[in-house]
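*Asks:* In this note's numbering, the protein residues as written are 13 to 269. Positions of the beta carbon are idealized from the N, C-alpha and C atoms, including for glycine. Below you will find the structure I want to go over with you.
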């Protein structure tokens with residue numbers, strides 16, 4: 013029987029990934045492990061938009077950061093003509109371009125791993141002394157990149173564009189998770205967040221106390237996430253950058269189990 017890939021990204025991204033994987037011939041289902049909610053107070057976001065022309069760089073931690081930031085854009089405000097937008101991965105770059113940021117102004121790692129260290133490698137040759145950078149994020153995160161910029165002499169501002177929460181699964185989603193646990197050799201968990209793994213363990217503990225993960229399979233988008241999956245008990249963990257063809261290759265290497 014063919015493997016089913018369980019895409020655990022937040023709902024909007026999960027649905028897009030399911031479509032892409034199905035287009036490649038894989039069986040895929042969305043099973044979000046992080047819920048994304050808007051911030052309740054948008055004053056800081058509107059202020060951040062007004063100050064954009066004073067920035068030398070705006071870094072977005074995820075597609076959700078892009079969505080939340082642009083949703084709060086004041087009327088008639090446009091992206092500053094020379095302001096670069098930084099991202100750690102291709103999904104965030106796609107979101108920036110879709111939001112209207114010129115592709116020529118987007119900067120991101122050119123190859124895996126798609127993370128803060130790789131992004132800093134693209135920027136560390138520049139003189140950051142006295143320059144201003146904005147980091148658009150959820151509730152916390154990406155401190156490594158901020159520390160690297162500060163180490164180069166930059167001034168950093170943060171703005172929260174969204175909130176992360178544990179998901180409230182539907183009956184169908186709970187049933188899908190239980191099916192995956194009952195038939196671990198027929199399912200692959202596509203993991204893109206260590207926080208998502210924590211949510212998964214917490215939810216499954218309530219659904220199926222004492223669940224055994226030793227026969228479950230995961231494909232993780234980063235070595236740090238792969239390490240967290242192994243600590244969680246996943247018996248087989250592969251690594252693949254968050255690119256459809258890379259995931260396709262990883263899943264294909266598992267064969268017909």
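The alpha helix (DSSP H) spanning residue 135 covers which residue range?
*Replies:* Counting from 1 along the chain shown, the entry for residue 135 is found at position 123. Per DSSP, residue 135 belongs to the alpha helix (DSSP H) from 128–135.
*Asks:* What are the boundary residues of the beta strand (DSSP E) that residue 41 is part of?
*Replies:* Walking along the chain shown from the start, residue 41 turns up at place 29. Counting along the chain, the beta strand (DSSP E) containing residue 41 begins and ends at 39–42.
*Asks:* Assign residue 69 to buried or exposed, taking buried as 16 or more other Cβ atoms, counted over all protein chains shown, within 10 Å of its Cβ.
*Replies:* Locating residue 69 in the chain shown gives position 57, counting from the first residue. Answer is buried; the Cβ neighbour count reaches 16.
*Asks:* Less than 7 Å between C-beta atoms, sequence neighbours within five positions excluded: which residues of the same chain meet that for residue 49?
*Replies:* Here residue 49 refers to the residue found at position 37 when the chain shown is read from its first residue. If we look at residue 49 and ignore the five residues flanking it on each side, its Cβ neighbours are 174, 175 and 177.
*Asks:* Leaving out five residues before and five after residue 244 in sequence, what residues of the same chain have Cβ atoms less than 7 Å from its Cβ?
*Replies:* Along the chain shown, read from residue 1 onward, the residue named residue 244 stands at position 232. Same-chain partners within the cutoff: 209, 213 and 225.
*Asks:* If I'm right that residue 219 touches residue 189 with Cβ under 8 Å, what's the distance once you round it to whole angstroms?
*Replies:* If you number the chain shown from 1, residue 219 lands on position 207. If you number the chain shown from 1, residue 189 lands on position 177. 7 Å between Cβ atoms; contact.
*Asks:* By the 10 Å Cβ neighbour count, where 16 or more other Cβ atoms means buried, how is residue 268 classified, buried or exposed?
*Replies:* Translated into the one-based positions of the chain shown, residue 268 becomes position 256. Note on residue 268: pLDDT 48, under 50, position unreliable in the model; no value is reported.
*Asks:* If you measure from the CB of residue 50, is any heavy atom of the ligand SAM nearer than 6 Å?
*Replies:* Among the components modelled here there is no ligand, and therefore nothing to report on the ligand SAM.
*Asks:* Within the continuous alpha helix (DSSP H) that includes residue 61, where are the two ends?
*Replies:* Here residue 61 is taken as the residue at index 49 of the chain shown, counted from 1. Looking at the DSSP string, the run of the alpha helix (DSSP H) that includes residue 61 is 55–63.
*Asks:* Should the stretch 136–144 be regarded as contacting the stretch 159–166, the criterion being three or more beta carbon pairs within less than 8 Å?
*Replies:* Enough Cβ pairs lie closer than 8 Å, so yes.
*Asks:* Under the three-state reduction of DSSP, which class applies to residue 269: helix, strand or coil?
*Replies:* Against the chain shown, residue 269 aligns to sequence position 257. Annotation note: pLDDT 43 at residue 269 (below 50); position unreliable, coordinate value reported separately. Coil, per DSSP.
*Asks:* For residue 38 and residue 263, which I take to be in contact (beta-carbon distance under 8 Å), what is that distance rounded to the nearest angstrom?
*Replies:* As a first step, residue 38 must be located in the chain shown, where it is residue number 26. As a first step, residue 263 must be located in the chain shown, where it is residue number 251. So it is a contact: roughly 6 Å between Cβ atoms.
*Asks:* In chain order, what are the residue ranges of uninterrupted beta strand (DSSP E) at least 3 long that sit wholly in the stretch 99–183?
*Replies:* Segments of the beta strand (DSSP E) lying fully in the stretch 99–183: 144–149, 167–172 and 174–177.
*Asks:* What span of residues does the beta strand (DSSP E) with residue 199 cover, start to end?
*Replies:* Along the chain shown, read from residue 1 onward, the residue named residue 199 stands at position 187. Note, residue 199: beta strand (DSSP E), 199–203.
*Asks:* Suppose you measure from the CA of residue 18 to the CA of residue 200; what does that come to, to the nearest Å?
*Replies:* Mapped onto the chain shown, residue 18 falls at position 6. Mapped onto the chain shown, residue 200 falls at position 188. Residue 18 and residue 200: Cα-Cα distance of roughly 6 Å.
*Asks:* Beta strand (DSSP E) containing residue 72: first to last residue?
*Replies:* On the chain shown, position 60 is the one that residue 72 refers to. From DSSP, the beta strand (DSSP E) with residue 72 extends over 69–72.
*Asks:* Report, in whole angstroms, the separation of the C-beta atoms of residue 20 and residue 260, which I expect to be a contact under 8 Å.
*Replies:* Residue numbering aside, residue 20 sits at position 8 when the chain shown is read from its first letter. Residue numbering aside, residue 260 sits at position 248 when the chain shown is read from its first letter. With 8 Å as the limit, residue 20 and residue 260 do not qualify as a contact, their Cβ atoms being about 17 Å apart.
*Asks:* Taking only three categories from DSSP, how would you classify residue 17?
*Replies:* As a working note, residue 17 is residue 5 in the chain shown. Residue 17: strand per DSSP, three-state reduction.
*Asks:* Taking the alpha helix (DSSP H) that residue 238 belongs to, which residues open and close that run?
*Replies:* By 1-based counting over the chain shown, the position of residue 238 is 226. From DSSP, the alpha helix (DSSP H) with residue 238 extends over 235–244.
*Asks:* Run the CB neighbour count on residue 103, radius 10 Å, all protein chains shown included, and call it buried at 16 or more, exposed below.
*Replies:* The residue given as residue 103 occupies position 91 in the chain shown. Result: buried.
*Asks:* With a threshold of 6 Å on Cβ separation, who are the neighbours of residue 72 within its own chain once the five nearest residues in sequence on each side are excluded?
*Replies:* Looking up residue 72 in the chain shown gives position 60. Hits under 6 Å: 78, 99, 104 and 148.
*Asks:* Return helix, strand or coil for residue 250, following the three-state DSSP convention.
*Replies:* Position 238 of the chain shown, counted from the start, is the residue given in the question as residue 250. In this structure, residue 250 counts as strand in the three-state DSSP scheme.
*Asks:* Excluding the 5 residues preceding and the 5 following residue 42 in the sequence, name in chain order all residues of the same chain whose CB lies nearer than 6 Å to its CB.
*Replies:* Sequence index remark: in the chain shown, residue 42 carries index 30 (1-based). Counting only Cβ-Cβ distances below 6 Å, and skipping sequence neighbours, we find 19, 26, 27 and 30.
*Asks:* For residue 216, report the span of its alpha helix (DSSP H) as first-last.
*Replies:* Sequence index remark: in the chain shown, residue 216 carries index 204 (1-based). 206–219 is the span of the alpha helix (DSSP H), which, as asked, contains residue 216.
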